[in-house]
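Just so we're aligned, residue 1 is where the sequence shown starts under this note's numbering, counting upward by one.
The beta-carbon is built from N, C-alpha and C at its ideal position, and this holds for glycine as well.
A quick write-up on the structure given underneath.
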Amino acid sequence: MQCNIKKSTFDHYWQSLANPILANPTEKVSTALKTLDSLLNWENVFGNDHSVEIEVGSGKGKFLKESAQRNPKINYIGIERASKYFKRSCERLAKHNITTARVVYCDATYFLQKYVADQSVNAFHIYFPDPWPKKRHRKRRIFNNSIWISELVRTLNNKSGEIYIATDYKAYFCEIQELFDCHPTFEYCPLKSTETNYIQTNFEIKYRKQRRPIYRAVYIKP
Ligand SMILES: C[S@@+](CC[C@H](N)C(=O)[O-])C[C@H]1O[C@@H](n2cnc3c(N)ncnc32)[C@H](O)[C@@H]1O
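Below, the structure written as structure tokens:
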């Protein structure tokens with residue numbers, strides 16, 4: 001039984017690597033990213049020159065939908081590597097006729113490496129990243145991946161780039177804080193980190209109901 005669960009987790013992982021897709025849910029159009037021979041050009045993807053923000057692990061798409069409704073002049077990309085949630089977020093965006101959000105079915109690090117141009121992203125939103133609590137699994141945490149960190153640095157806009165992070169997992173949060181505090185590129189932004197008028201994701205709502213503490217931080221490229 002345990003074996004099967006592990007296998008299916010990794011099947012999802014490799015499938016999303018093998019066939020990454022960029023979906024425009026409202027127009028019901030999807031592009032196999034493997035057919036592209038260059039990095040993505042956001043103006044071509046969205047048909048406008050608005051800035052682009054990326055949510056990593058967009059789950060059921062609540063943040064994408066609500067952010068797009070709140071900020072019509074921002075383009076959103078959600079990256080999701082679980083096919084079930086990729087589908088759920090596409091359905092949600094299509095249902096609400098959201099024209100400024102796309103969903104990518106892929107591993108986030110791979111997507112940045114292969115398809116995202118230098119300094120072309122204005123903000124990253126990483127809410128409740130998988131904490132991989134078991135010691136032997138910690139190397140799977142996205143913030144333990146040095147390629148992921150270097151891709152964040154490369155793709156984030158140098159002038160106004162922001163990284164939004166939230167988790168309920170204190171030990172992981174402390175690790176992330178340490179990583180960013182020691183990194184020469186980023187600066188902690190206390191004002192944005194303590195804002196309260198932000199969009200809560202499904203996981204945040206669930207954890208708040210369970211009265212779990214939520215740890216939030218925003219880093220900027222000063
Ligand atoms: C704990 S859930 C949080 C979902 C959502 N952000 C929320 O707060 O409700 C983490 C999500 O991130 C996705 N995920 C984890 N690692 C990922 C990666 N490297 N690339 C893309 N998606 C990833 C998982 O499939 C899962 O849907």
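Fully enclosed beta strand (DSSP E) runs of no fewer than 3 residues occupy 51 to 56, 74 to 80 of the region 39 to 80, in order along the chain. CA-CA distance, Y76 to H50, rounds to 10 Å.
A residue is called buried once 16 or more other Cβ atoms fall within 10 Å of its Cβ, and E53 is buried on that count. Taking C-beta atoms as the reference points, T35 and F128 fail to come closer than 8 Å. Under the 8 Å Cβ criterion, the region 131 to 139 does not count as touching the region 90 to 101, having fewer than three qualifying pairs.
The beta carbon of Q69 lies closer than 8 Å to those of H96, I98 in the same chain, with the five residues before and after it left out. Distance from the CA atom of H183 to the CA atom of N19, rounded to whole angstroms, is 33 Å. In the DSSP annotation of this structure, the continuous segment of the beta strand (DSSP E) that includes I220 starts and ends at 215 to 220. Placement of the Cβ of I165 at a distance of 7 Å or more from every heavy atom of ligand 1 is found. Bridge partners of T167 according to DSSP: Y215.
By the 16-neighbour rule on beta-carbons within 10 angstroms, D181 is exposed. The residue among Q177, F111, R154, K139 with its C-alpha nearest the C-alpha of Y164 is Q177. In the three-state DSSP reduction, L33 falls in the helix class (H, G or I). Per DSSP, V153 is one residue of the alpha helix (DSSP H) stretching across 146 to 155.
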